[in-house]
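Chains as they are written, first to last, in this note's numbering: chain A, 24 to 273; chain B, 61 to 364. Glycine included, C-beta positions come from ideal geometry on N, C-alpha and C. Working notes for the structure below.
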Ligand SMILES: Nc1ncnc2c1ncn2[C@@H]1O[C@H](COP(=O)(O)OP(=O)(O)O)[C@@H](O)[C@H]1O
Ligand SMILES: [Mg+2]
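See below:
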């Protein structure tokens, strides 16, 4: 099942001459773990924002979870986003709320009951390895722990897709490895994970699907890629690289 | 939607911006007090019009030996002329307009004059023959006095025809001017109130932009995001409206009823019943205005 489909998508920000994404076409299937790699400014974050419908494409169509985003009214966008989890490099936790409350907040504001929150939050904190720290404030945690809180917040509502924009960007390699193990576990549970990164070590080690962007164009789409290709990058423009039918266990 | 959560957000917001909230309260208080005063003045004008116009008569003054104006030649109106005047009042043209009329002779006019100006200086020089005989005409519809004035003015023996309503007009004009002034001040203050509410809500949203960002990210509905801010503005404005309502009721109770109404005068004044017509207008108006300006101010933060 196709979770995300980009169809000739171009994103041109107002006032900039060069598109952030240039005629991008791809499909991401259920349960895939996909790395989005590329230099700074290559369009990774723009790609993720388009999936979230934080931005609209200048050209082309985007389908996420079977919905055409262009046809999604702004009133329905919040409900659409409840199916997506997002994690950022800078964690984006609420500094005055405890670990528990940070995670609970995301459920409260979508109207979940107290009973549900009391059950779901401890569960997810255990899953990310923070069971004993639910009363701490963010500044009382290490960077890796803060990112675990952010991941817990992103997955507590059991989204079908998890978007991660350089989640290890602020972390040391050992801590990053822990975060990657966690993301792998989440992916193993059936969640589609799309992670933007330029951490070569992680990409090389994980041997997952890699999509490389250069100046907003896909220059490589490998099913078990590394950060850098051994061969020359394959310039595949037109026909959609359908992940070589690999990496979709479900 | 979780009411407790929303209300605690509102409480937080109000406390965080306490000085701005106090300014909203004061500005809405003052502006709505002016709005209320303007409405009360209009009610007062209507009441006075109703009261006085019912009583206002058209006076047909007849010639005395001292009059040379009108249709007079320094001669008393003759009996012939008086009966002619009555004929005209009873004519097919005027009779349908007239409810009834009374004739006041010199003596009656003199008695009324003495009663009215009892104790005033210079009244002793006035003698009955100095005061004109008068037909006092009550109209069915006071606004149709022109026809009577016009018709009667040309009749021999008539010195002057006066519609008493014209004496009231300056009073109504003054009250109207006061109420227009009140509306003008209210308008300016309301603009200030709206801008202040919008600014306060933007500040409040700015200080909570982290939460708002996360709310949007995890899919909180627009209504959920918007409601605490709108309520924040509404609560502040409601306090202002309540104070304004209190001020209006107090003015009516203590100044109009307690002071003005105690002065010897038959003029009717607005009472608490009228004040309680004004109160809901102020409450609903204040809350509505705050809700709209807060909702508009917060829209930018809802853009997805
Ligand atoms: N909001 C924006 N307005 C204008 N230009 C933007 C905006 N966001 C990103 N860009 C531009 O789009 C290009 C891609 O940026 P981005 O998607 O953030 O890349 P990456 O995440 O790979 O570093 C860059 O040239 C950047 O300057
Ligand atoms: Mg980026």
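Should residue i be labelled buried (16 or more other beta-carbon atoms within 10 Å of its own) or exposed?
| i | result |
| --- | --- |
| residue 76(A) | buried |
| residue 244(A) | buried |
| residue 366(B) | Residue 366(B) is absent from the structure shown; chain B starts at 61 and stops at 364. |
| residue 24(A) | exposed |
| residue 215(A) | buried |
| residue 273(A) | Because the pLDDT at residue 273(A) is just 42, under 50, the model does not fix this residue reliably, and the point stays unresolved. |
| residue 314(B) | exposed |
| residue 121(B) | buried |
| residue 146(A) | exposed |
| residue 47(A) | buried |
| residue 176(B) | exposed |
| residue 79(A) | exposed |
| residue 127(B) | buried |
| residue 82(B) | exposed |
| residue 209(A) | buried |
| residue 195(A) | exposed |
| residue 225(B) | buried |
| residue 146(B) | exposed |
| residue 217(B) | buried |
| residue 97(A) | exposed |
| residue 260(B) | buried |
| residue 190(A) | buried |
| residue 70(A) | buried |
| residue 94(B) | buried |
Counting only the same chain and skipping the five closest in sequence on each side, list residues whose C-beta sits under 6 Å from that of residue i.
| i | result |
| --- | --- |
| residue 204(B) | 157 |
| residue 118(B) | 197, 205, 208, 223 |
| residue 110(B) | none |
| residue 160(B) | 198 |
| residue 129(A) | 176 |
| residue 355(B) | 290 |
| residue 164(A) | none |
Give me, in chain order, the residues of the same chain whose beta-carbon lies closer than 8 Å to that of residue i; leave out the 5 immediate sequence neighbours on both sides.
| i | result |
| --- | --- |
| residue 76(B) | 264, 267 |
| residue 91(A) | 84, 85 |
| residue 87(B) | 249, 252, 253, 256, 300 |
| residue 78(B) | none |
| residue 170(B) | 186, 187, 188, 191 |
| residue 214(B) | 131 |
Spatial neighbours of residue i within its chain, please: CB distance less than 7 Å, with the 5 preceding and 5 following residues excluded, ordered by chain position.
| i | result |
| --- | --- |
| residue 3(A) | Residue 3(A) cannot be examined here, being either before or after the span of chain A that is shown, 24 to 273. |
| residue 330(B) | 100, 103, 104, 107, 312, 316 |
| residue 51(A) | 26, 27, 57, 215, 217 |
| residue 362(B) | 282, 285, 286 |
| residue 66(A) | 43, 44, 236, 239 |
Of all the alpha helix (DSSP H) runs that stay within the bounds of the segment 47–109 of chain A, which reach a length of 4 or more residues?
-> Taken in chain order, the complete alpha helix (DSSP H) segments of 4 residues or longer contained in the segment 47–109 of chain A are 67–74, 100–104.
Sequence ranges, alpha helix (DSSP H) only - wholly within the segment 72–135 of chain B, length at least 4 | Listed in chain order, they are 78–115.
Nearest-residue set for ligand 1, Cβ under 6 Å from any heavy atom = Counting only residues whose CB is nearer than 6 Å to a non-hydrogen atom of ligand 1, the list in chain order is 36(A), 39(A), 43(A), 61(A), 63(A), 64(A), 65(A), 66(A), 67(A), 68(A), 69(A).
Determine contact between the segment 229–238 of chain B and the segment 134–146 of chain B, defined as no fewer than three beta-carbon pairs at a distance below 8 Å.
-> Remark: fewer than three beta-carbon pairs, one from each stretch, lie closer than 8 Å, so the segment 229–238 of chain B and the segment 134–146 of chain B are not flagged as touching.
What residue ranges within the segment 109–183 of chain A form continuous alpha helix (DSSP H) runs of no fewer than 4 residues, ordered along the chain?
-> Fully contained in the segment 109–183 of chain A are the following alpha helix (DSSP H) runs of length 4 or more, in chain order: 122–131, 137–150, 166–178.
Validate contact between the segment 209–226 of chain A and the segment 178–187 of chain A using beta carbons, cut 8 Å, 3 pairs | They touch, by the three-pair rule.
Would the segment 279–298 of chain B and the segment 92–108 of chain A be scored as touching if the rule is three or more Cβ pairs under 8 Å?
-> The segment 279–298 of chain B vs the segment 92–108 of chain A: in contact.
Mind pulling the beta strand (DSSP E) runs of 3 or more residues that sit fully within the segment 258–326 of chain B?
-> You should have found no qualifying run.
On the three-pair Cβ rule with 8 Å, is the segment 25–38 of chain A touching the segment 77–87 of chain A?
-> Touching, yes.
Contact between the segment 108–124 of chain A and the segment 301–308 of chain B: three or more CB pairs below 8 Å?
-> Short answer: they don't touch.
Taking three-plus beta-carbon pairs below 8 Å as touching, is the segment 227–241 of chain A in contact with the segment 168–178 of chain A?
-> Two segments are said to touch when three or more pairs of C-beta atoms, one from each, lie closer than 8 Å; by this definition the segment 227–241 of chain A does not touch the segment 168–178 of chain A.
What are the complete alpha helix (DSSP H) segments, minimum 4 residues, inside the segment 135–205 of chain B?
-> Counting only runs of 4 or more, we get 139–149, 166–176.
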